[in-house]
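If you number the sequence shown the way my numbering does, the last residue is 231 and the count never jumps.
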Amino acid sequence: MELIPAPEIGWLNGWILLAFEFLIEGFLLLIFPKDVVSRLFDRSGWSVKQRVFTIMGKVFSLACLILIVLTPLKFNSGAFIAGLIVYAIGLIGLLVAMVNFKDTPLDQPVTRGVYKISRHPQIAALFVIFLGICLAIGSWMALFTLVMSRGLQHFGILAEEEGCLKRYGESYRAYMERVPRYFLFF
Numbered sequence: 046m047e048l049i050p051a052p053e054i055g056w057l058n059g060w061i062l063l064a065f066e067f068l069i070e071g072f073l074l075l076i077f078p079k080d081v082v083s084r085l086f087d088r089s090g091w092s093v094k095q096r097v098f099t100i101m102g103k104v105f106s107l108a109c110l111i112l113i114v115l116t117p118l119k120f121n122s123g124a125f126i127a128g129l130i131v132y133a134i135g136l137i138g139l140l141v142a143m144v145n146f147k148d149t150p151l152d153q154p155v156t157r158g159v160y161k162i163s164r165h166p167q168i169a170a171l172f173v174i175f176l177g178i179c180l181a182i183g184s185w186m187a188l189f190t191l192v193m194s195r196g197l198q199h200f201g202i203l204a205e206e207e208g209c210l211k212r213y214g215e216s217y218r219a220y221m222e223r224v225p226r227y228f229l230f231f
């Protein structure tokens, strides 16, 4: 791992893993019903503070994306193999979480499948995917920007939970008490 690997435009950069994830996620969003997709991206009811911190997180996400796109994969390192394994675990987790989300009726909170062990498995899986890519490119700077983006975007997750409390009431409050936010943490 390097602090800041030398950027270069190339065919064997981290963008390959990024593109594969985007293709899979994009395909699923195209085949999901429109009402499911709109529920997935509902941002109504967010406070100004939540929006500002989420936007700041997106700036760090953009920096992470740029680093991924411009950094070659480190094929000859143990971090590359570890990164691919972590990436694959995250990708499988994301697919399962998205299907669980799609299969839940719109008038109910999503509490089935991997949502029994995490209130935000899609967010956690995306973090794992990007963590795998950061390892595969061997960049501490990309890892730093990823952690900063997720830390700031946590405020958006809190906003989503507030919206779910308003929409689903006590059933969601009971769900929040039973299930941790990010797999291991309440």
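Think of the CB as a built atom: it goes at the ideal place given N, C-alpha and C, for glycine as much as any other residue.
As the structure is a computational prediction, the values presented were derived from the model and not from experiment.
{"query": "Would Val159 and Ala142 qualify as a contact pair, given that the criterion is a beta-carbon distance under 8 Å?", "result": "yes"}
{"query": "Please check the pair Ala181 and Lys79, which I expect to be a contact at CB under 8 Å, by giving their CB distance rounded to whole angstroms.", "result": "Not a contact, Cβ separation roughly 34 Å."}
{"query": "For Ala108, report the span of its alpha helix (DSSP H) as first-last.", "result": "93 to 115"}
{"query": "What does the Cβ neighbour count give for Glu66, buried or exposed, with the cut at 16 atoms within 10 Å?", "result": "buried"}
{"query": "Looking at the unbroken alpha helix (DSSP H) that takes in Ile76, where does it start and where does it end?", "result": "60 to 76"}
{"query": "Can you tell which of Glu53, Leu110, Glu70 has its C-alpha closest to the C-alpha of Ser194?", "result": "Leu110"}
{"query": "What's the gap between the Cα of Ile134 and the Cα of Val173?", "result": "7 Å"}
{"query": "Which residue marks the beginning of the alpha helix (DSSP H) containing Trp185, and which one marks its end?", "result": "185 to 213"}
{"query": "Out of Arg223, Phe98, Leu62, Leu73, state which residue places its alpha-carbon closest to the alpha-carbon of Lys161.", "result": "Arg223"}
{"query": "Should Gln198 and Thr99 be called a contact, given that it needs their Cβ atoms to be closer than 8 Å?", "result": "yes"}
{"query": "When the Cα atoms are used, what is the spatial distance from Thr156 to Ile137?", "result": "18 Å"}
{"query": "Considering only residues of the same chain and omitting the five flanking positions on each side of Tyr217, which have a CB-CB separation below 7 Å?", "result": "Pro154, Cys209, Leu210"}
{"query": "In the DSSP output, what is Glu36 paired with across the bridge?", "result": "Nothing can be reported for residue 36: it is not among the residues displayed for the chain, which extend from 46 to 231."}
{"query": "Assuming Gly135 is part of the alpha helix (DSSP H), what are its boundary residues?", "result": "123 to 147"}
{"query": "Compare the beta carbon distance of Glu47 and Gly177 with 8 Å and say whether it is the shorter of the two.", "result": "no"}
{"query": "Among Leu57, Asp152, Gly196, Phe175, whose alpha-carbon lies nearest the alpha-carbon of Ala127?", "result": "Phe175"}
{"query": "When you compare the CB positions of Trp60 and Val114, do they come within less than 8 Å of one another, or not?", "result": "yes"}
{"query": "Just confirm the distance between the C-beta atoms of Ala108 and Thr190, as a whole number of angstroms; I'd bet it's less than 8 Å.", "result": "4 Å"}
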